[in-house]
Structure formats: structure tokens, C-alpha cells
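Novice: Chains as they are written, first to last, in the UniProt record's numbering: chain A, 1 to 332; chain B, 1 to 274.
Using N, Cα and C, we set each Cβ at its ideal position, and we do this for glycine too.
Keep in mind it's a predicted model, so treat the numbers as computed, not measured.
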Amino acid sequence: MGSITLKNVRKAFGEVEVIPGVDLTIEDGEFVVFVGPSGCGKSTLLRLIAGLEDVTSGGISIDGKDVTDAGPAQRGLAMVFQSYALYPHMSVRKNIAFPLKMAKMSEAEQEKRVSHAAKILNLDSYLDRKPGQLSGGQRQRVAIGRAIVREPSAFLFDEPLSNLDAALRVNMRVEISELHNSLKTTMIYVTHDQVEAMTMADKIVVLRAGRVEQVGSPLELYSRPANRFVGGFIGSPNMNFIEGEDAARHGAHTIGIRPKHWKLSQAEGEFPGTVGVAEHLGSDTFLHIDLDNGAHIIARAAGEFPVHHGDRIFLTPQEGRIYKFGQDGLAL
Amino acid sequence: MARAVSQNTKIGYTIAAWLVALLIFFPILYAIITSLKTEQEAIAGFDLIPSFTLESYREVQSQYNYFRPFMNSVIIAIGSTVLALIVAVPAAWAMAFAPTKRTKDILMWMLSTKMMPAVAVLVPIYLIFLKTGLMDTRIGLVIVLMLMNLPIVVWMLYTYFREIPGEILEAARMDGATLGQEIVHVLTPMAVPGIASTLLLNVILAWNEAFWTIQLTTTNAAPLSAFIASFSSPQGLFWAKLSAASVMAIAPILIMGWFSQKQLVRGLTFGAVK
Numbered sequence: 001m002g003s004i005t006l007k008n009v010r011k012a013f014g015e016v017e018v019i020p021g022v023d024l025t026i027e028d029g030e031f032v033v034f035v036g037p038s039g040c041g042k043s044t045l046l047r048l049i050a051g052l053e054d055v056t057s058g059g060i061s062i063d064g065k066d067v068t069d070a071g072p073a074q075r076g077l078a079m080v081f082q083s084y085a086l087y088p089h090m091s092v093r094k095n096i097a098f099p100l101k102m103a104k105m106s107e108a109e110q111e112k113r114v115s116h117a118a119k120i121l122n123l124d125s126y127l128d129r130k131p132g133q134l135s136g137g138q139r140q141r142v143a144i145g146r147a148i149v150r151e152p153s154a155f156l157f158d159e160p161l162s163n164l165d166a167a168l169r170v171n172m173r174v175e176i177s178e179l180h181n182s183l184k185t186t187m188i189y190v191t192h193d194q195v196e197a198m199t200m201a202d203k204i205v206v207l208r209a210g211r212v213e214q215v216g217s218p219l220e221l222y223s224r225p226a227n228r229f230v231g232g233f234i235g236s237p238n239m240n241f242i243e244g245e246d247a248a249r250h251g252a253h254t255i256g257i258r259p260k261h262w263k264l265s266q267a268e269g270e271f272p273g274t275v276g277v278a279e280h281l282g283s284d285t286f287l288h289i290d291l292d293n294g295a296h297i298i299a300r301a302a303g304e305f306p307v308h309h310g311d312r313i314f315l316t317p318q319e320g321r322i323y324k325f326g327q328d329g330l331a332l
Numbered sequence: 001m002a003r004a005v006s007q008n009t010k011i012g013y014t015i016a017a018w019l020v021a022l023l024i025f026f027p028i029l030y031a032i033i034t035s036l037k038t039e040q041e042a043i044a045g046f047d048l049i050p051s052f053t054l055e056s057y058r059e060v061q062s063q064y065n066y067f068r069p070f071m072n073s074v075i076i077a078i079g080s081t082v083l084a085l086i087v088a089v090p091a092a093w094a095m096a097f098a099p100t101k102r103t104k105d106i107l108m109w110m111l112s113t114k115m116m117p118a119v120a121v122l123v124p125i126y127l128i129f130l131k132t133g134l135m136d137t138r139i140g141l142v143i144v145l146m147l148m149n150l151p152i153v154v155w156m157l158y159t160y161f162r163e164i165p166g167e168i169l170e171a172a173r174m175d176g177a178t179l180g181q182e183i184v185h186v187l188t189p190m191a192v193p194g195i196a197s198t199l200l201l202n203v204i205l206a207w208n209e210a211f212w213t214i215q216l217t218t219t220n221a222a223p224l225s226a227f228i229a230s231f232s233s234p235q236g237l238f239w240a241k242l243s244a245a246s247v248m249a250i251a252p253i254l255i256m257g258w259f260s261q262k263q264l265v266r267g268l269t270f271g272a273v274k
């Protein structure tokens, strides 16, 4: 079991209010991703759930039990840190067994659980090495192993992949998702990378300045962003925004059009512009276009789309694919 | 990145380094040479070749009991160091891992006490010792030397602890470690190089301390530093015997320093070199 409920959780460091008040329910077995720009309070929120920070007011309960004042160890959660936080003086085996040793588990049980975790994570042949002798990806696996052996009610991940190189990051992303599929334990994952959020999450929580902007499944957020911020944050490349008269024509203060939702033409269209940079990726071409109305937008075209720097181009948003936002930024 | 250095420059640096080392070591070397001379040779003038007599050592040992001040030095140096660590480890832990707005100020204030001339507080401490019966006792010296070196010990430990990432301690907390287990299983093993070099440095400082040991002892608790000073006796100056006593006083710490120099250097440059 691992359902977590946050009721009006507030956190202030002295005068500075980092989290003004968050209500959130995380169901048992869910993979929830907290995503937002740096400084949005997502790591603080995770640390509040972990018990590493005290809440200023509000309450946290796990499986219906109030744990607001409980210490980190009493909450039955396990955490994987950004820096892995392995104990450098202990072997991999001892690192993984450390939480079991603290729980005064028998040597035999410790050994059984460590070798089980090592098998799941392909760490069998590294058990007697020190963390310093491992690569970044292996260290990450040890950190996950240390979390698994406790059989926690939920896993907390604090930007666990940000220290890895791009290729390894993709691999570990898949491994963590597979781990979630096999363990079926609640996971809360913090990242600033919306690609990680989109690919891994059952449910995404978008945060800005300590406030929850929207909660929903990846596709919900993508197709029905609650406001301009979520629209701009989710999706890669970012949504294009056009304001002023052109937006008013569509009955909105701001309109948002995703790069893939433009109809491109070299003869006519609603928004004329000039191609700045054309990024040919093979399967797609991303065009950076300076519109005549002053806006700078990105459009996605087919891989072999024949345009170059300085070409004139005309864009028209696809029917029904225009996101409309009011003056307050909320979706209309 | 290593710079290409010509062979000649290398030889030049090596000679310069040896000259500086010899210059620093020379007073100790001359004390050793003088201790191996007869009193007549010692007083005669500058001469680097002694007659290699052990007479002075025999006399020092027979006339004065070397063992007593030696034991006093050991007890005072180790006692003050252990006491300082007991006070400083929790203090440095709190300052490194739970700092407040005033932590930096407190550290600076502690260090500033080391800038004060010791003689400025001689009279009050002397009076306190007289009134409390601590005069010429080992426990009195242990306390005074512990207090004198405490700022440096706290500073050193604080710097080492600061190098330990807070996330590792948080990981231990998540793993169910209590504060005590966190200190025993995680913090201390990781800080061992730092704690060891702090311990060594403090033993050396306490062993070499001469101001307070001479002022606050007469015979009972006098350590080796006071033992040397007592050789400038009313009967006149006996250079060879004085040198022999000095060599006997510094030998233990010199040997200890020699064997632990790797640890000392590593500890003192910890954090500076990564």
C-alpha cells in the first residue's frame, strides 16, 4: 500500500513562502511526476513528503495515517537522491544492506534481500566494490537497490537522472519505468525535464512558484492545458504563442499553436513569415520562423520539406488545434 | 595540467627545497650535535663535529627524572586532545549541518580568541588556578590546553564536516538511522582522515605548548617543555645538558610526526586539493 494525501501543505523558510498551500492525492501504485522549472518548489514538496523538511502548516498522511510529525524513517518511504548519496566507505553490498541493518534484520534475511535486489538491477558482479569504483549508471542502480530492499510503501526520486549522460538517461528512464511495472509500488518522481515527465508518468503534477498549476495524465496535459504556463511547459518543442489582434481574431487574448499543428505553404496562409534556421533532423524538420507580425515561432515540417534560410513561408493553424487563453492566462 | 620543466630547473628547485628544509631543521640538528658534545666543547664555540659522548644524556637522566615530565606530557597532550574532540565533534557537527545566521560569527569569534596574546589573560587564569587548587596539577593543564586549542579543533573539524555532502546524512536518515547511528556509521568513518589529522595536530600543539605549562606548573605536573626550561638553572647554563634535555623532549613528537606526516599533510590539505 502507498497512497499519499497532502492537505493544504504549506512551507516557508523564514519570511520566504516556498509552498503557499498544496492539496494533492496520490493513489496506491501510481507513478506521479512533479515537474516544473527550477525553483518551483518540486524538490521541497518531495522533501516534505519524505520528512526531511518539516511542514509549516497542513498535513500529510500515508495510507490514511497522519505522518505530518513523523521522522523520515517512520514513514516507510525510500528515496533516491540526485547525487545518489551512497556511503563511499561501504561496499555496494553494505550500502544496499544499510537500511536493513538499521532495521535490525537478521543477517540471513539481509543477504537474501540484497542478492534479490542485486539480481533485479544487474549488480551481482559489483557487490564487493566501493561506490568510487562504479560508473554513474551503476551508482544510480545501487541507490535504487538501497531503496528497493526496504520494500517501502512508496519510492521518492529526486531528479535521479540529471547527473547521467543523455544516452544513459534514456536507458535508466526505461529501467525505472520497468521497475515500476514489476513492483507496482507508488513512485513520486521529481524532474525539470518534461520529456521524462511525459514518458514515465501516470499522473503529472505541474508546479510553478510552489503552486500546483495542473494535475492530470500526460495526454490530458498535452491536449487540454489548464493555462498558458502548462501549455508552454508540456510538449517539445514548446507551444507557440501569438498575442494581440491576431489572437483577438480567434476570440482570445493569446492563442497557442503547437509546432506540429501548422499548415505550411509557400504561396498563401494566415501568418506570413521568413525562415530563420531550418533544423533538419531526418524524420522531421524544425523551422524557426520570424512572422511579419513580430512573433518568433517554431513549426514542425516533414523531414524532406524543401525550405532554407531566408525563404518566405505562410502558416495557417490547423482547424480545431488552436489553444485559446484569456488575459489571466487561463484556458478559455 | 603539468607544465614541461627543464632538467636544470628541476635540479635548481630540488637544491632550493633542500636548502630551505635544512635551514628549518638546522636548530634541531644543532641541538642534537651539541647534546653529543662535552660541556667544554659546547661552550667553546660553533663546531659541527662533536666528540659523540653520551655523557650529557646520562647526567640528565641521573640528576633529573626524565620519566615523570615525559608521562606528564603524554597525559596532558592526549587528555587535552580527547577532551577537545569530545566537545568539538558535536559543535562542529551542529555548525556544519544545522547552521544558523550566527554560525559564521561564532566561528570568527572563536578564531579571534587565538589572536589575543596569551599573556593578557595570564593573571586571571593564574588567580583562578590558585583559588581552585588547580595549580601544578595535570587536570588543570589538560583543561587550559584543551580550551586554548579548542577554536582550532572546531575550525578544522567544521571544514572537514562541510566537505561531507548533506544528502548522504539525509540518506542515512531515510534508511532509518538515528542521530547516533548516523554519526557512528556514516559521519565518523567519512571524516576519519580529518579527525585523525586534527587529533595529531592537537597532540603536537599541546606537546609543544610552553607558555602555560611553564607558568602553571612547578614540579608535580611539569611536562617536558617545563623540564627543558628548568635547565636554565641557578648553577649556570650547561649547553650540552640543556641540548640533551631538549632532544629527549622533542624526540617522541618528532618520531610521531615522522610516521604520521602523510596523514598530517593529507588532513591539512583536505578540501584544498580535490
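For residue 347 of chain A, which beta-bridge partners are listed by DSSP?
Specialist: Not covered by the structure: residue 347 of chain A. The range shown for chain A is 1 to 332.
Novice: So, at 6 Å on beta carbons, what are the nonlocal neighbours of residue 156 of chain B in its own chain, with the 5 sequence-adjacent residues on each side left out?
Specialist: Cβ within range, chain order: 198.
Novice: Determine the closest residue to residue 304 of chain A out of A:57, A:186, A:280, with distance taken between C-alpha atoms.
Specialist: Residue A:280 is the option with its Cα nearest to residue 304 of chain A.
Novice: For residue 180 of chain B, count neighbouring Cβ atoms within 10 angstroms of its own Cβ and tell me buried if that reaches 16, exposed if not.
Specialist: Result: exposed.
Novice: Using the beta-carbon count (16 or more within 10 Å), is residue 209 of chain B buried or exposed?
Specialist: Buried is the call here.
Novice: Report yes if the C-beta distance between residue 223 of chain B and residue 73 of chain B is below 8 Å; otherwise report no.
Specialist: It is a contact, given that the beta carbons lie within the stated cut-off.
Novice: Tell me whether residue 49 of chain B sits in a helix, a strand or coil according to DSSP, three-state version.
Specialist: Three-state result, residue 49 of chain B: coil.
Novice: Between residue 98 of chain A and chain B, is there a C-beta pair that is closer than 8 Å?
Specialist: Yes, residue 98 of chain A lies at the interface with chain B (some Cβ there is under 8 Å from its Cβ).
Novice: What are the residues in the stretch 171–205 of chain B lying within 7 Å of chain A by C-beta distance?
Specialist: Under the 7 Å Cβ criterion, the stretch 171–205 of chain B contributes 171, 173, 174, 175, 176, 177, 181, 186, 189, 190.
Novice: Which partner residues of residue 214 of chain A appear in the DSSP bridge assignment?
Specialist: DSSP lists A:206 as partners of residue 214 of chain A.
Novice: Report the residue from B:211, B:100, B:137, B:67 whose alpha carbon sits nearest the alpha carbon of residue 117 of chain B.
Specialist: Ranking the options by Cα distance to residue 117 of chain B, first place goes to B:211.
Novice: Taking residue 187 of chain A as part of the beta strand (DSSP E), name the residues at either end of that continuous run.
Specialist: It spans 186–191 - the beta strand (DSSP E) in which residue 187 of chain A sits, taken as one unbroken run.
Novice: Against chain B, does residue 116 of chain A count as a neighbour if the rule is that its beta carbon must be under 8 Å from one of theirs?
Specialist: No, no contact with chain B.
Novice: Roughly how many whole angstroms lie between the Cα atoms of residue 67 of chain A and residue 284 of chain A?
Specialist: Cα to Cα, the separation comes out at about 49 Å.
Novice: Can you pull the DSSP bridge partners for residue 23 of chain A?
Specialist: Answer by DSSP bridge pairing: none, since residue 23 of chain A is not bridged.
Novice: Going by CA-CA distance only, name the one from B:266, B:250, B:241 that's closest to residue 43 of chain B.
Specialist: Out of B:266, B:250, B:241, B:241 has the C-alpha closest to the C-alpha of residue 43 of chain B.
Novice: To the nearest angstrom, report how far apart residue 219 of chain B and residue 250 of chain B are at their CA atoms.
Specialist: So the two alpha carbons sit approximately 19 Å from each other.
Novice: Given that a residue counts as buried once 16 or more other Cβ atoms are within 10 Å of its Cβ, and exposed if not, what is residue 227 of chain A?
Specialist: Its Cβ being crowded by 16 or more others within 10 Å, residue 227 of chain A is buried.
Novice: Hey, residue 88 of chain B and residue 184 of chain B: beta-carbon distance below 8 Å or not?
Specialist: In this structure, residue 184 of chain B does not lie closer than 8 Å to residue 88 of chain B by Cβ.
Novice: What are the boundary residues of the beta strand (DSSP E) that residue 4 of chain A is part of?
Specialist: It spans 4–13 - the beta strand (DSSP E) in which residue 4 of chain A sits, taken as one unbroken run.
Novice: So which residues of chain A does residue 165 of chain B contact, with C-beta pairs closer than 8 Å?
Specialist: Ordered by position in chain A, the residues that pass the 8 Å Cβ test against residue 165 of chain B are 83, 85.
Novice: Enumerate, from N- to C-terminal direction, the unbroken beta strand (DSSP E) stretches of 3 or more residues contained entirely within the stretch 77–139 of chain A.
Specialist: For the stretch 77–139 of chain A, whole beta strand (DSSP E) runs of length 3 or above, ordered along the chain, are 77–80.
Novice: Taking the runs of the beta strand (DSSP E) that are 3 residues or longer, which of them lie wholly in the stretch 5–35 of chain B?
Specialist: The stretch 5–35 of chain B contains no whole beta strand (DSSP E) run of 3 or more residues.
Novice: Under 7 Å Cβ-Cβ, which residues of chain B neighbour residue 88 of chain A?
Specialist: Here the neighbours are 190.
Novice: Can you give me the Cβ contacts of residue 47 of chain A inside the same chain, cut-off strictly under 6 Å, excluding the 5 residues immediately before and after it?
Specialist: Result list for residue 47 of chain A: 53, in chain order.
Novice: Please list the partners that residue 105 of chain A has in chain B, where partner means a Cβ-to-Cβ separation under 9 Å.
Specialist: Under the 9 Å cutoff, chain B gives no residues; its nearest Cβ is about 10 Å from residue 105 of chain A.
Novice: So what does DSSP say about residue 265 of chain A, is it helix, strand or coil?
Specialist: Three-state result, residue 265 of chain A: strand.
Novice: Between residue 29 of chain A and residue 8 of chain A, is the Cβ-Cβ spacing less than 8 Å?
Specialist: No; because the gap between Cβ atoms is not below 8 Å, this pair is not in contact.
Novice: Which residues in chain B sit within 9 Å of residue 78 of chain A, going by Cβ to Cβ distance?
Specialist: The contacting residues are 174, 175.
Novice: Name, please, each residue of chain B whose Cβ falls closer than 9 Å to the Cβ of residue 73 of chain A.
Specialist: The answer, in chain order, is 173, 174, 175, 176, 177, 178.
Novice: So residue 102 of chain A contacts chain B; which residues on that side make the cut at Cβ distance below 9 Å?
Specialist: Those are 172, 175, 176, 177, 178, 181, 185, listed as they occur along chain B.
Novice: On the premise that residue 313 of chain A lies in contact with residue 289 of chain A, defined as a C-beta separation below 8 Å, what is that separation, rounded to the nearest angstrom?
Specialist: 6 Å between Cβ atoms; contact.
Novice: Closest by CA to residue 82 of chain B, which one among B:70, B:139, B:216, B:19?
Specialist: Considering only alpha carbons, the answer is B:139.
Novice: For residue 193 of chain B, which three-state DSSP category applies?
Specialist: Note: residue 193 of chain B maps to helix in three-state DSSP.
Novice: Compute the minimum distance between the beta carbon of residue 12 of chain A and the heavy atoms of the ligand HEM, and state whether it is under 7 Å.
Specialist: Among the ligands in the structure shown, none appear at all, so the ligand HEM cannot be discussed.
Novice: Could you tell me which of A:106, A:137, A:317, A:156 sits nearest to residue 170 of chain A, measuring between CA atoms?
Specialist: Nearest C-alpha to residue 170 of chain A: A:137.
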